[in-house]
Amino acid sequence: MFRSRSWFGSGLWKPKNPHSLEHLKYLYNVLSKNQVVSENNRGLLVETLRSIAEILIWGDQNDSSVFE
Numbered sequence: 008m009f010r011s012r013s014w015f016g017s018g019l020w021k022p023k024n025p026h027s028l029e030h031l032k033y034l035y036n037v038l039s040k041n042q043v044v045s046e047n048n049r050g051l052l053v054e055t056l057r058s059i060a061e062i063l064i065w066g067d068q069n070d071s072s073v074f075e
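Residue numbers for the sequence shown follow the working numbering, so the first one is 8 and each next one is one higher.
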């Protein structure tokens, strides 16, 4: 049910591992495609930034390859 109304829609492929470098690249692409903040994309951008912070914190504590 939630997948069809995903925050990260727009036809981009979303990696399965939420703490991977590929997922970080995917989130970067979401930010790149939404450079202007509006009422319509504000939730998407907040969730994207939250996810990026989560990956960076997880990488710092568990897998330094996220930073390489």
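Cβ atoms here follow ideal geometry from the backbone N, Cα and C, with glycine treated the same way.
- At a Cβ-Cβ threshold of 7 Å, HIS26 and ILE64 do not count as neighbours.
- Look at the stretch 17 to 60 and you find these whole runs of alpha helix (DSSP H), each 4 residues long or longer: 28 to 40.
- In this structure LEU38 is exposed. Its beta-carbon is surrounded by fewer than 16 other beta-carbon atoms within 10 angstroms.
- Within a 10 Å sphere around the beta-carbon of LEU34 sit 16 or more other beta-carbons, which makes this residue buried.
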